[in-house]
Structures are given as C-alpha cells and as structure tokens.
Amino acid sequence: MKILYVYDKLPKTYQEYLNILLHEIKKRTPIKILAYSSETGADYNISSSRLKRNFYTFVSKLGVIFKPNVGINIMRQYDIIHIQHSYLFVHLTSFFRNTTRKPKIVITLRGADTYLKPWIYEKWELFYKKQSQYIDAFVTVSQHQKAYLQRWGVDEDKIHVIPVSFGNKTPALPKQLSGKTIKIISAHRMCWEKNINGNLRTILFLKEAGYNVQYDIFGDGPDKAQVSYLIDKYGLGKDVNFYGKIENAAYKRRLTDYDFFLQLSLSEAFGASVIEAQSMGLPAIISNTDGLPETILDGVTGYCVDANSSRDAANCIIDLYKDKEKFYSFSKEAIKHSNANFSSDIEAEKLMQLYNSLIHKN
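Residues in the sequence shown are numbered consecutively from 1, following UniProt numbering.
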C-alpha cells in the first residue's frame, strides 16, 4: 500500500502533535510527503502561489480539462493520497474530470472547512455539492462535524469520524489544587469563534465572587487586540496574562502549573487543546458548542455550559475548587479519558483501518 500525504506547509513546532501522529503512522506503513512549498523534510516539493490556486479554482468552475500538472503525475503513483490541508482540493481537478489511474483520495477537514467556509465561499459549496463524489473519504474530527458536513451535500457513507490526537499517552498524575489562587489557562487562536469575551467574563465573575485568580492565555490570531482591550475594559490587568504563541513542547511543560482549562467557544469542531489539557490532569470547563462536548465526560472530567453562560462556567470552577476530593477525581478521570481515547497511536490505528478499507473497496 503506497500512501502519499499532501501538505501546503509541513507542521510547525507549535503543531507537534501532527508530527507525532505522522511518526506513529510511519511505524505501520511507509509514507511519502508532498509539500506545496520549498521546505525541507518533504519527499516532493512543488512551488505554489495564491495566483496558481486561484487559477485552479477558476478552471474547476469552468469544468475545463487541461494537461495534468506535476503534482497530479506524482499522486498517480500512489494507491492513496491524503490531503492534510483541505483547501488543496483545488489541485485535484484532473481527477474530477478523468478518473483514469485515480488513487483513493482522503481529505481531512478542520472546523472552518465545514462550519464557516461554505457559507461565504462559492468554491467550497460547489466542491461539496458537485465534486465530493470524486473523493473517497472525508475525515471529520467529531460526530457533530460529520452531521453538519452532510448539510452541504456530502454522502454520509463518505464521512469518517477520527478525532484529532494530543500526542503520546502521558504518565501524568492526578493534580492537587495549587493553592489560594485559582490558576486557569486557555490556548487557542485569537478569533471570534473562541469567544474571548466569554472566557474573560468568567474570570470577571470569579473576581466578583471574591476569589483570587490567575488566568493565562496562549495563542495568536487576527483578534488578539480584543484580548488586550477586554482585559483593560474589565479591569483584569493584574489577573490576566496574554503570552501569545508558544511552541507545543514549552506549552505542555507549563500545563501542570494550572488547575483548570477554559474554552467557551462559539464554534468548535472538536478541541485539541481541551484533550491535551485533560491529558495533564486539568479539568476542562467548556461550552456546549458543536463538537466540543465530545472532548470531555460532562460531570466526570469537566463541565459543559452554554457558550454565553460565563457565570455558569465560573460556578463550575468554584464547585471544583471548593471540593478538593472532587477536583482530584476529575483530574484523575481527565487523564484516563484522554489517554484512553485521544492519543496519537489511537488516531494512527483508526487511519490505518480507513486506508485498508479503501484499498479493499471496489
């Protein structure tokens, strides 16, 4: 079985879990890598540009057949090609019009690919409704995302739920509360979907209830200015620290310093940072949005509240903070839950099952 992974750019150090997953899969079967960049580490490098991508999109809409490009000729040498950056589907136009020597095509979808892009980008709506028939398998990260993807016209039988992993199983021990200050952490892209305001209002309610709080935020994104603005607006300058982007290894080392993980997203396909935090023993306080509830055991490893109920989120934190035995139990079950369901070896095994099923499918 010859498999080709196709990336735009290779995973970075702050996406270390993707490199760990790739290593796990390579233990099971040989994998070659094609990257539409000049980065080292790939078996094939193809220069790309926004202009080229726009051209392929235009050609796809017209239904024009043109001479296969270098990427297509490489892909035809493989039994399975797995598109890791979903927007690269625009490079597959030749397969949509000429199925001769077509490999099995797998595309992994992230949240925005399903919940956001088809609403505003015609090429995504067209792809799902008209061209998904040429894709052998779509991988979603949650059951909720699978159901939502069907709204755009993708057949249910083509959609396979394989939750993202956090890395290798951890030997973490259950946590004890850190002390007189409640230490809370969030890590995510700074964008509207992550509900920056809701998270900070949770901290505000804790402060108003008389608790000492340290809230540290990690990540980068287009709305990072909103973080600083709201910290100032709510008078939380002494309680909240915004650190920006951090490499994954350094972030994991810091996770054990905290008591709780907070994520009240407005839109979320799954939540890799939630399972990662649980793997280190942090109970997670999350919203009941989209696929996010699938990351925890509500009332066992964390609590799930409405995205707009910051006061409820604060009360959940207080509930665990006031009961040390309950907190310890949640921490223990959080580690157990992540290790049992979301480690990289589990994701790799599920991917191998998918690949084998496609190879043996007529």
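For glycine and all other residues, C-beta sits at the position ideal for the given N, C-alpha and C.
For tyrosine 258, I'd like the list of residues in its chain whose CB is within less than 7 Å of its CB, leaving aside the five on either flank, ordered along the chain. Within the sequence shown, the letter at position 258 stands for residue 258. The residues are Lys183, Ile184, Ile185 and Leu282.
Under a three-way DSSP split, which group does valine 305 fall into? Start at 1 with the first residue of the sequence shown, and residue 305 comes out as number 305. Strand.
Run through the DSSP bridge pairs and tell me what isoleucine 83 is partnered with. Mapped onto the sequence shown, residue 83 falls at position 83. Paired residues: Val6 and Ile107.
Nearest by alpha-carbon distance to lysine 175: which of Lys117, Leu320, Ala348 and Gln131 is it? Taking the sequence shown and counting its residues from 1, one reaches residue 175 at position 175. Lysine 175 has its Cα closest to that of Leu320, out of Lys117, Leu320, Ala348 and Gln131.
Could you check where the alpha helix (DSSP H) with aspartate 323 kicks off and where it finishes? Here residue 323 refers to the residue found at position 323 when the sequence shown is read from its first residue. Element bounds for aspartate 323: n/a, residue is neither H nor E.
Under 8 Å by Cβ, that's how I've got phenylalanine 242 and isoleucine 231 pegged, so tell me the actual separation to the nearest angstrom. Residue 242 sits at position 242 when you count from the first residue of the sequence shown. Residue 231 sits at position 231 when you count from the first residue of the sequence shown. With 8 Å as the limit, phenylalanine 242 and isoleucine 231 qualify as a contact, their Cβ atoms being about 7 Å apart.
With valine 227 as the anchor, note down where its alpha helix (DSSP H) starts and where it stops. By one-based count along the sequence shown, residue 227 stands at place 227. Going by DSSP, valine 227 is part of the alpha helix (DSSP H) stretching over 224 to 233.
Tell me which residues share the same chain as valine 161 and place their Cβ nearer than 6 Å to its Cβ, disregarding the 5 neighbours each side in the sequence. To locate residue 161, count along the sequence shown from 1; it is residue 161. Excluding residues within five positions, the ones whose Cβ falls inside 6 Å are Thr140, Gln143 and Lys146.
Delimiting residues of the alpha helix (DSSP H) encompassing asparagine 199: By 1-based counting over the sequence shown, the position of residue 199 is 199. Bounds of the alpha helix (DSSP H) holding asparagine 199 are 196 to 208.
Are tyrosine 234 and leucine 200 close, meaning C-beta to C-beta below 8 Å? Within the sequence shown, numbered from 1, the residue matching residue 234 stands at position 234. Within the sequence shown, numbered from 1, the residue matching residue 200 stands at position 200. Yes, the Cβ-Cβ distance between tyrosine 234 and leucine 200 is below 8 Å.
So that I know if they touch, is there some Cβ in chain C lying closer than 8 Å to that of aspartate 43? The chain labelled as chain C is not found in the depicted structure, where only one protein chain is given.
Can the beta-carbon of tyrosine 44 be found less than 8 Å from the beta-carbon of asparagine 248? Here residue 44 refers to the residue found at position 44 of the sequence shown. Here residue 248 refers to the residue found at position 248 of the sequence shown. Taking 8 Å as the Cβ cut-off, tyrosine 44 and asparagine 248 do not qualify as a contacting pair.
With DSSP as the reference, label tyrosine 148 as helix, strand or coil. Mapped onto the sequence shown, residue 148 falls at position 148. The answer is helix: DSSP assigns tyrosine 148 an H, G or I state.
From which residue to which residue does the beta strand (DSSP E) around aspartate 155 run? By one-based count along the sequence shown, residue 155 stands at place 155. Segment: none, aspartate 155 is in no beta strand (DSSP E) and carries neither H nor E.
Neighbourhood of lysine 117 by C-beta distance below 7 Å, restricted to the same chain and skipping five residues each side: As a working note, residue 117 is residue 117 in the sequence shown. Only Trp124 meet the Cβ criterion.
Expressed to the nearest angstrom, what Euclidean distance is found between the alpha-carbon atoms of isoleucine 286 and valine 70? Numbered from its first residue, the sequence shown carries residue 286 at position 286. Numbered from its first residue, the sequence shown carries residue 70 at position 70. Taking the straight line from one Cα to the other gives about 45 Å.
For glycine 302, is the classification buried or exposed, using 16 other Cβ atoms within 10 angstroms of its Cβ as the cut-off for buried? Position 302 of the sequence shown, counted from the first residue, corresponds to residue 302. Burial call: buried.
Cβ shell of glycine 198 (< 7 Å), same chain only, five flanking positions each side left out: For the purposes of this step, residue 198 is taken as the residue at position 198 of the sequence shown. Only Leu264, Ala307, Asn308 and Ser310 meet the Cβ criterion.
For a test of the three-state rule: what should DSSP assign to glutamate 39, helix, strand or coil? Position 39 of the sequence shown holds residue 39. In the structure shown, glutamate 39 sits in coil (DSSP, three-state: anything other than H, G, I, E or B).
Would you please state the rounded distance, in angstroms, between the beta carbons of alanine 172 and isoleucine 335? I believe it to be under 8 Å. The residue you call residue 172 lines up with position 172 of the sequence shown. The residue you call residue 335 lines up with position 335 of the sequence shown. Contact flag correct, Cβ pair sits at about 5 Å.
Does DSSP put isoleucine 31 in a helix, a strand or coil? Position 31 of the sequence shown, counting from 1, holds the residue named residue 31. Correct three-state label for isoleucine 31: strand.
Leaving out five residues on either side along the sequence, give the residues of the same chain with a beta carbon under 7 Å from the beta carbon of valine 64. Position 64 of the sequence shown holds residue 64. Here valine 64 scores only 47 on pLDDT, less than 50, and its place in the model should not be relied on; the value that follows carries that caveat. The answer is none, since no qualifying residue turns up.
Three Cβ pairs or more, each shorter than 8 Å: is that satisfied between the segment 71 to 83 and the segment 97 to 114? yes
Are there any heavy atoms of the ligand ZN lying less than 7 Å away from the beta-carbon of asparagine 341, as far as the coordinates show? Absence of the ligand ZN from the depicted structure is noted, as is the absence of any ligand whatsoever, leaving it without description.
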